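Taken in order, these protein sequences are the chains called A and B.
Each residue of the first sequence is one higher than the last, beginning at 133 in this note's numbering.
Each residue of the second sequence is one higher than the last, beginning at 133 in this note's numbering.
Protein chains: 2
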Amino acid sequence: MTKRSRKTIKDVAAAAGVSIGTASRALNRTGRVSEATVIRVTDAARKLGYQPDAIAQSLRLKSTKVVGMLVTDLSNPFFASVIRAAEKRLQQAGYALLVGNTDNEGTREKFLIDLFQRRRVDGLIVGPCETENPEMLEALDSGDLPVIGYDRDFGEGQSGLHVDHRRAAYEATRHLLNLGHERIALLSSSSLLSPGRERIAGHAEALAERGIALNQALIRAHKSSMEFVASEALSLMSLRPAPTAFLCLGTRMLAGTLQGLQQNGLKVPGDVSVLAVGDTDLARLYTPAISCVTWDLDLVGQMLAELMLRRLGDDQGEPQRIMIPTQFIDRQSCGAPGQCSGP
Amino acid sequence: MTKRSRKTIKDVAAAAGVSIGTASRALNRTGRVSEATVIRVTDAARKLGYQPDAIAQSLRLKSTKVVGMLVTDLSNPFFASVIRAAEKRLQQAGYALLVGNTDNEGTREKFLIDLFQRRRVDGLIVGPCETENPEMLEALDSGDLPVIGYDRDFGEGQSGLHVDHRRAAYEATRHLLNLGHERIALLSSSSLLSPGRERIAGHAEALAERGIALNQALIRAHKSSMEFVASEALSLMSLRPAPTAFLCLGTRMLAGTLQGLQQNGLKVPGDVSVLAVGDTDLARLYTPAISCVTWDLDLVGQMLAELMLRRLGDDQGEPQRIMIPTQFIDRQSCGAPGQCSGP
DNA sequence: CTAGCGTGCGTAAACGTTTTTCTATATTGC
DNA sequence: GCAATATAGAAAAACGTTTACGCACGCTAG
């Protein structure tokens with residue numbers, strides 16, 4: 133009891149009175165070994181509390197049973213929920229999940245990819261990152277590291293998963309247009325990221341259907357602290373004529389916008405309509421409740437894991453691209469454009 | 133270019149015309165090797181794009197440079213932010229972070245601990261989990277796996293980090309008492325978890341100072357879906373006499389409470405005062421803004437990592453216990469108890 | 001001129017597995 | 001009773017590192 137060093141298969145073999153090769157085959161039930169010794173060996177293993185060393189196995193089997201996941205912000209609920217769901221599915225399949233936070237910096241991402249590669253992860257799931265260097269990821273995958281993109285474009289040949297941000301923005305915009313809004317302010321995450329690009333495209337598409345040109349002055353697309361978004365919202369409201377509706381198309385845009393509007397005593401939806409992407413407690417419980425476009429984050433995580441597992445299993449099958457649909461939830465934050473757009 | 137198999141140190145040694153032992157010593161600048169060959173070897177390594185295999189290193193060096201972290205819910209912002217900060221600090225120190233979601237199930241936690249142990253993580257950070265089996269964790273640590281508890285009691289001999297939930301609840305309760313409230317409803321996460329226990333203790337302490345007995349009927353402590361919390365809040369409000377204030381001491385208690393109150397048209401703070409733990413967008417932007425007790429999640433993650441790194445480095449030094457202080461933020465959700473407690 | 005010593009480097013063992021190859025024994029068929 | 005064959009299990013190689021050990025060489029000192 134004093135010496136609690138870890139038991140190896142050698143100990144098990146010795147205890148069972150067989151060679152280590154036989155012990156291994158007995159434990160894994162592979163190769164030819166008599167039923168009697170299987171029992172002897174497994175008994176010994178149980179008695180010793182033997183657990184095979186995953187590192188040694190990895191080295192020998194050339195597979196670590198670990199997949200890495202890289203996102204810009206682990207604490208962003210939009211990623212955190214996805215990670216949770218992905219981890220759950222991967223766990224079921226015997227994989228563990230190594231996470232990395234890129235802070236949306238290209239160098240950091242590259243560093244982490246290198247690191248994970250040295251750690252010999254079996255696969256990599258990468259979220260969007262501003263510095264698109266698709267050639268890097270493509271190289272990775274054409275090497276021997278399966279890569280699944282999440283809301284991230286790289287060549288058509290690669291499998292990946294995309295939320296249908298374009299359609300989400302399209303429907304949200306149409307909703308506002310149907311209410312009579314024509315000057316719609318757009319707050320989005322960076323247009324350098326795939327989600328931002330797609331959202332702006334969907335927005336433009338809906339406007340185009342009504343013959344309304346995209347007004348660049350009404351679009352603000354960059355990454356966001358809440359305070360900055362608030363000031364952006366106010367600066368947008370000081371335009372003349374002022375926008376009559378806000379489309380908050382980023383994960384943390386809604387809070388900033390509401391704060392900005394509150395500061396200036398602007399009422400929703402009386403003075404201005406607000407529509408968000410992503411359903412949060414804030415959207416649900418704010419007064420008035422905020423209409424939004426949302427999608428199933430658990431499904432996203434699950435499908436990412438699924439995609440990865442498929443790539444990890446028998447490699448056949450074309451690269452798959454999955455599109456996650458979005459739903460529109462109508463609440464009380466949108467109305468017809470108000471008359472009080474004067475100073 | 134067609135054959136892109138991974139380069140090993142053997143390739144580097146061959147390219148530099150030395151033995152693999154020498155190559156290793158040259159790359160690591162350890163042992164005796166002439167400056168000239170150091171240059172030849174590093175050159176060759178760079179030219180070949182050699183990256184040492186972390187798995188093989190782990191096997192040899194008996195250290196994986198990976199730490200595992202187990203929490204009940206990866207998507208809970210209270211954990212997600214901590215994970216992000218911890219990962220950042222660990223990354224700086226050359227460690228990677230393996231995450232696991234326990235869903236607050238003891239069996240799952242045990243499974244993950246075994247799994248991580250087999251993966252030979254260098255250390256383990258464990259958050260609270262309902263099934264306290266401290267003997268397990270203690271055994272782990274007294275074995276050779278450093279364990280850092282996060283809001284989780286195990287023996288006094290172990291190092292860990294605790295948020296000062298007791299003081300947080302104490303101050304929140306005092307605030308309400310000073311406003312004149314005497315019937316305070318308490319919604320908390322499970323009392324089986326350390327945070328829940330501490331909070332209830334702090335609450336009781338503040339009450340005791342005023343000579344008020346803890347009223348079990350006003351306490352609801354279990355894990356929570358938002359809908360369930362809403363119904364709990366309503367059931368509490370139907371007591372006679374009804375509580376005049378709500379203390380929402382769990383990560384997701386506030387949303388449920390507000391929803392329940394809203395459904396019944398109860399006004400905050402007119403009909404009932406509300407006080408929350410944890411500052412969220414919802415608390416900040418709700419009308420009225422919700423007073424709360426909060427603390428620095430980044431600091432928590434950072435200190436967890438720091439504690440772990442210290443344990444991982446030179447092992448000397450007593451086990452450390454860190455207490456994270458909390459701050460009270462007063463907003464508009466608390467007032468003097470209303471008169472309208474009649475039906 | 002030789003004994004001693006420091007230096008550079010090659011050799012080999014070790015980490016804990018899995019798997020291939022090979023040997024010894026038992027079984028079968030004639 | 002003996003050859004052919006099947007089968008259990010042992011031995012050893014391999015995965016990619018790091019490191020202890022020892023050898024050869026050149027230098028200094030007596």
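Beta carbons: idealized from backbone N, C-alpha and C, even for Gly.
Owing to the predicted nature of the structure, the values given are computational and were not obtained by experimental measurement.
| Query | Result |
| --- | --- |
| Buried versus exposed, by CB contacts within 10 Å (16 or more), A/Q464 | exposed |
| Cβ distance (whole Å) where B/S405 is taken to contact B/L308 below 8 Å | 7 Å |
| Contact residues within the segment 137–171 of chain A, judged by C-beta distance below 9 Å to chain B | S137, R138 |
| Paired residues, beta bridge with B/Q459 - DSSP | B/T426 |
| Any non-hydrogen atom of the ligand HEM within 7 Å of B/H313 CB | For the ligand HEM, the structure offers nothing, since it holds no ligand at all. |
| Spatial distance of B/I187 from B/S207 (CA atoms) | 30 Å |
| Contact between the segment 350–366 of chain A and the segment 381–388 of chain A (3+ Cβ pairs under 8 Å) | yes |
| Exposure label - B/Q348; buried when at least 16 CB within 10 Å | exposed |
| Cut-off 6 Å between Cβ atoms - residues of its own chain near B/A148, not counting five sequence neighbours on either side | R172, V173, A176 |
| Exposed unless 16 or more other CB atoms sit within 10 angstroms - verdict on B/Q290 | buried |
| Under 7 Å from the C-beta of B/I215: neighbouring residues of chain A | L206 |
| Own chain partners of B/L429 with C-beta closer than 6 Å, once the 5 adjacent residues on each side are dropped | S213, V214 |
| Sequence-distant residues of the same chain with beta carbon closer than 7 Å to B/S326, five excluded per side | P260, D283, R284, D285 |
| Minimum Cβ-Cβ distance from A/V295 to chain B less than 8 Å | no |
| C-beta atoms of A/Q183 and B/D403 nearer than 8 Å | no |
| Partners in chain B for A/S190, counting only beta-carbon separations shorter than 8 Å | I187 |
| Best match in B/K142, B/R250, B/K220, B/G232 for proximity to A/F243 [C-alpha to C-alpha] | B/K220 |
| Contacting positions in the segment 232–255 of chain A - beta carbon closer than 9 Å to chain B | G232, N233, D235, R240, F243, L244, D246, L247, F248, Q249, R250, R251, R252 |
| Outcome for B/A168 when other beta-carbon atoms lying within 10 angstroms are tallied against a minimum of 16 | exposed |
| Cα-Cα separation, A/W427 to B/M201 | 28 Å |
| Exposure of B/A468, with buried meaning 16 or more beta-carbon neighbours within 10 Å | exposed |
| Contact list for B/A387 against chain A, beta-carbon separation under 8 Å | D413, R416, L417 |
| Residues that A/S434 contacts on chain B, provided the C-beta gap is smaller than 8 Å | In the sequence as presented, Ser is not what sits at residue 434 of chain A; that position holds Gln. Within chain B, no residue comes near A/Q434; the closest Cβ sits about 13 Å away, beyond 8 Å. |
| Where B/S423 falls, given that 16 or more other Cβ within 10 Å makes a residue buried | buried |
| Environment of B/D276 [buried if 16+ CB atoms lie within 10 Å] | exposed |
| CA nearest to the CA of A/P278, picked from A/Q459, A/A437, A/D185 | A/A437 |
| Any chain B beta carbon closer than 8 Å to A/E219 | yes |
| Chain-ordered chain B contacts of A/P184 [CB-CB under 9 Å] | R250 |
| Chain-ordered residues of the segment 374–400 of chain B with a beta carbon less than 9 Å from chain A | R384, L386, A387, L390, Q391, Q394 |
| Neighbourhood of A/G433 by C-beta distance below 6 Å, restricted to the same chain and skipping five residues each side | V214, A217, A218 |
| Euclidean distance between Cα positions of A/I152 and B/S190 | 22 Å |
| Short CB-CB distance (under 8 Å) between B/T196 and chain A | yes |
| Given 8 Å, three or more beta-carbon pairs between the segment 404–420 of chain B and the segment 373–381 of chain B | yes |
| C-beta contact flag for B/D411 and B/I461 at 8 Å | yes |
| For A/I344, three-class secondary structure by DSSP | coil |
| Beta-bridge pairing of B/L379 - partner residues as DSSP gives them | B/L318, B/L407 |
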